[in-house]
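One structure below.
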Ligand SMILES: Nc1ncnc2c1ncn2[C@@H]1O[C@H](COP(=O)(O)OP(=O)(O)OP(=O)(O)O)[C@@H](O)[C@H]1O
Ligand SMILES: [Mg+2]
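Numbering (the working numbering), first residue to last: 383 to 893.
Printed below as a string of structure tokens:
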């Protein structure tokens, strides 16, 4: 390879935070016009290496060269000057602005920063490459995570980046959306651009990338062509040992005569749910299967009292709730682990200790005084159980890697022991080891008699970890099956079929 064939060359890079060395002697070459994967366990240093290349972190040692030019100043603006843009794991958009404004933020054709007609034309040209189907005038605050991710991707492309770093780009996308994103990535590669692709979805990596760098504990294990790798070879190198993916055994399902913890009867909401019938019994895990926008998160929110119910009944322990509110849900022992951990659920400015014990201070308090020693013990327990890194109770959550933030969030609810636990995308962004522990946690929680509602874009996860699956489309549950009778293919097929059937029927008959 000549110097110009190499988009990014990282030589001997090291980085420490507060005495902890998080990147050590990193050497990587990324060929121009390729899709280059970074893989590794949570906390291995993938995002940090991306941030150095993207100008968000300054390396303590070593050199970074971009298309033959040595980088001397590490700021995102300088990186953009070299043609490097980064799409973060935790998205960074201005929620009050529209899609169009966000895509062209800071580069509007009008000098005063006001968008003009030309910008709309540019947007449509971009849309031709991306085919994301975003409404340019929609406000970002109202968009789902998957759509926000698309806005970030369009913004990077709009900035004419030659090198785009995508940190976990598919973590909130469904399989078909991920496939479309991979189409976009291949098109970018076809135009000679370089994509650095960070992900825990090894199947996506095997299908889309040209080369892979495997990281472990802040070091590079190896960089190699993807053609010579398998799922197993990647996982073994990430973990530094032989591995096996196992699904834990479920406890037996409770009988139909067991009284449900919660029950929805013909429930509709302003958020698009229509006539939902749903029961979850103690010790039962019920899974929701559907594409993004099918209403899975909306069911979670309705059960948690976050969105008002406009028709139908909501019963907890057989008693009708009216009106249902978040306060009542919490009082009734309902917990929600939300899909957007950044915005909800975690207090990022705090340390691990209060984040885990916040929900359960009652349990470690006597007469309103927190028993610090008891609290520390519980928090330590959770840190060990989920393998949270860094492992001290007073670590700053804001500085944790994405996957470790997720583990903290789950710990919070693990100590709470609710009656109904709603998990919305519980294993998004966590590595194989932590995923396994989360799966065990879900099954163990049910074994203790907790009712569990499981939502995941990974259909395999839902059908392997639940007793019953509700298949959803367009705000409705159109089928309910024992999960053991479903396969990934059959579930996906039915969800798609239903979606297309709906698309061909007019929603409301014209009057
Ligand atoms: N600004 C920071 N201050 C202190 N520690 C940091 C900072 N940024 C990263 N770290 C630490 O560096 C280590 C590597 O984090 P990084 O985010 O790069 O991991 P990752 O491989 O992207 O993990 P994940 O898969 O969970 O996203 C972690 O232990 C993290 O806590
Ligand atoms: Mg990361």
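Where is the CB? At the ideal position from N, CA and C, for every residue including glycine.
Problem - Beta-carbon proximity check, residue 687 vs residue 707, cutoff 8 Å - result: The count along the chain shown starts at 1 and reaches residue 687 at position 305. The count along the chain shown starts at 1 and reaches residue 707 at position 325. Result yes, Cβ atoms of residue 687 and residue 707 sit closer than 8 Å.
Exercise for the section: Report the three-state DSSP secondary structure of residue 738 (helix, strand or coil). Expected result: By one-based count along the chain shown, residue 738 stands at place 356. Helix.
Handout entry: 8 Å Cβ cutoff, residue 528 in contact with chain D
Key = The displayed structure is made up of one protein chain only, and chain D is not part of it.
Exercise for the section: Report buried or exposed for residue 704, applying the criterion of at least 16 other Cβ atoms within 10 angstroms of its Cβ. Expected result: In the chain shown, counting from the first residue as 1, residue 704 sits at position 322. Exposed, since its Cβ has fewer than 16 Cβ neighbours within 10 Å.
Exercise for the section: Could you tell me whether the stretch 438-458 touches the stretch 810-825, using the rule of 3 or more Cβ pairs below 8 Å? Expected result: no
Practice task
Let me know the secondary structure DSSP gives residue 706 once reduced to three states.
Solution key: Here the question's residue 706 lines up with position 324 in the chain shown. Residue 706 falls in the coil class under three-state DSSP.
Problem - Helix, strand or coil at residue 866 according to DSSP, with G and I counted as helix - result: As a first step, residue 866 is located in the chain shown; it is residue number 484 there, counting from the start. Looking at residue 866 - three-state DSSP - the assignment turns out to be helix.
Handout entry: Selection from 771, 719 and 824 that minimises the alpha carbon distance to residue 794
Key = As a working note, residue 794 is residue 412 in the chain shown. Nearest of 771, 719 and 824 to residue 794, Cα basis: 719.
Practice task
In the DSSP assignment, find the unbroken alpha helix (DSSP H) run with residue 837 in it and report its ends.
Solution key: Within the chain shown, the letter at position 455 stands for residue 837. Here residue 837 belongs to no alpha helix (DSSP H); instead the beta strand (DSSP E) covers 833-837.
Handout entry: Segment limits, beta strand (DSSP E) that includes residue 411
Key = If you number the chain shown from 1, residue 411 lands on position 29. Note, residue 411: beta strand (DSSP E), 402-413.
Problem - Contact under 8 Å by Cβ, residue 694 with residue 647 - result: Indexing the chain shown from 1 puts residue 694 at position 312. Indexing the chain shown from 1 puts residue 647 at position 265. Yes, they are a contact pair.
Handout entry: Cβ shell of residue 403 (< 8 Å), same chain only, five flanking positions each side left out
Key = Here residue 403 refers to the residue found at position 21 of the chain shown. Hits under 8 Å: 396, 397 and 600.
Handout entry: Short Cβ contact (8 Å threshold) for residue 813 with residue 582
Key = To locate residue 813, count along the chain shown from 1; it is residue 431. To locate residue 582, count along the chain shown from 1; it is residue 200. The answer is yes: Cβ separation under 8 Å.
Exercise for the section: State the Cα-Cα distance for the pair residue 893 and residue 628, rounded to the nearest angstrom. Expected result: Along the chain shown, one-based indexing puts residue 893 at 511. Along the chain shown, one-based indexing puts residue 628 at 246. Interpretation of residue 893 is limited by its pLDDT of 40, a score under 50 that renders its predicted location unreliable; the figure taken from the coordinates is listed afterwards. One C-alpha to the other measures close to 54 Å.
Exercise for the section: Figure out for me which residue from 772, 407, 505 and 591 has the closest Cα to the Cα of residue 733. Expected result: For the purposes of this step, residue 733 is identified with residue 351 of the chain shown, where counting begins at 1. Residue 772 is the option with its Cα nearest to residue 733.
Exercise for the section: Give a single yes or no on whether residue 483 has its beta carbon closer than 7 Å to a heavy atom of ligand 3. Expected result: Ligand 3 is not part of the structure shown, which contains ligand 1 and ligand 2 as its ligands.
Problem - As assigned by DSSP and simplified to three states, the class of residue 805 - result: Translated into positions along the chain shown, residue 805 becomes position 423. Of the three classes helix, strand and coil, the one that applies to residue 805 here is strand, per DSSP.
Exercise for the section: Find out if the Cβ-Cβ distance for the pair residue 424, residue 838 is shorter than 8 Å. Expected result: Translated into positions along the chain shown, residue 424 becomes position 42. Translated into positions along the chain shown, residue 838 becomes position 456. No, these two residues do not count as a Cβ contact at 8 Å.
Handout entry: Through-space distance from residue 832 to residue 800, alpha-carbon basis
Key = As a working note, residue 800 is residue 418 in the chain shown. As a working note, residue 832 is residue 450 in the chain shown. Roughly 7 Å between the two C-alpha positions.
Problem - Assumed close pair residue 482, residue 505 - CB separation to whole angstroms, cut-off 8 Å - result: Locating residue 482 in the chain shown gives position 100, where the first residue counts as 1. Locating residue 505 in the chain shown gives position 123, where the first residue counts as 1. Confirmed, Cβ separation roughly 6 Å.
Practice task
Compare the Cα-Cα distances from residue 591 to each of 597, 602 and 576 and report the closest residue.
Solution key: Translated into the one-based positions of the chain shown, residue 591 becomes position 209. Residue 591 has its Cα closest to that of 576, out of 597, 602 and 576.
Practice task
Count the other C-beta atoms from every protein chain shown that fall within 10 angstroms of the C-beta of residue 843, then say buried if there are 16 or more, exposed otherwise.
Solution key: The residue you call residue 843 lines up with position 461 of the chain shown. Label assigned to residue 843: buried.
Problem - Cα-Cα separation, residue 546 to residue 641 - result: One-based indexing of the chain shown puts residue 546 at position 164. One-based indexing of the chain shown puts residue 641 at position 259. Residue 546 and residue 641: Cα-Cα distance of roughly 53 Å.
Practice task
Verify the contact flag: residue 789, CB atom, against every heavy atom of ligand 2, threshold strictly below 7 Å.
Solution key: Position 407 of the chain shown, counted from the first residue, corresponds to residue 789. Because no heavy atom of ligand 2 lies under 7 Å away, the Cβ of residue 789 does not count as near it: no.
Exercise for the section: Give a single yes or no on whether residue 428 has its beta carbon closer than 7 Å to a heavy atom of ligand 2. Expected result: By 1-based counting over the chain shown, the position of residue 428 is 46. It does: the Cβ of residue 428 is within 7 Å (strictly closer) of some heavy atom of ligand 2.
Handout entry: Distance between residue 883 and residue 889 (C-alpha atoms, nearest Å)
Key = Here the question's residue 889 lines up with position 507 in the chain shown. Here the question's residue 883 lines up with position 501 in the chain shown. Note that residue 889 scores a pLDDT of 47, beneath 50, so its modelled location is shaky; the value from the coordinates is reported in the next line. Going from the Cα of residue 889 to the Cα of residue 883 covers about 11 Å.
Practice task
Could you check the C-alpha separation between residue 578 and residue 759 for me, to the nearest Å?
Solution key: Your numbering for residue 578 matches position 196 in the chain shown. Your numbering for residue 759 matches position 377 in the chain shown. Using only the alpha carbons, I get a separation of about 41 Å.
Exercise for the section: Look at residue 829 and residue 715 and say whether their C-beta atoms are less than 8 Å apart. Expected result: Along the chain shown, one-based indexing puts residue 829 at 447. Along the chain shown, one-based indexing puts residue 715 at 333. No, they are not a contact pair.
Problem - Inter-residue spacing [alpha-carbon to alpha-carbon] between residue 501 and residue 562 - result: The residue given as residue 501 occupies position 119 in the chain shown. The residue given as residue 562 occupies position 180 in the chain shown. About 24 Å.
Problem - Delimiting residues of the alpha helix (DSSP H) encompassing residue 520 - result: The count along the chain shown starts at 1 and reaches residue 520 at position 138. Unbroken run through residue 520: none, as it is neither H nor E.
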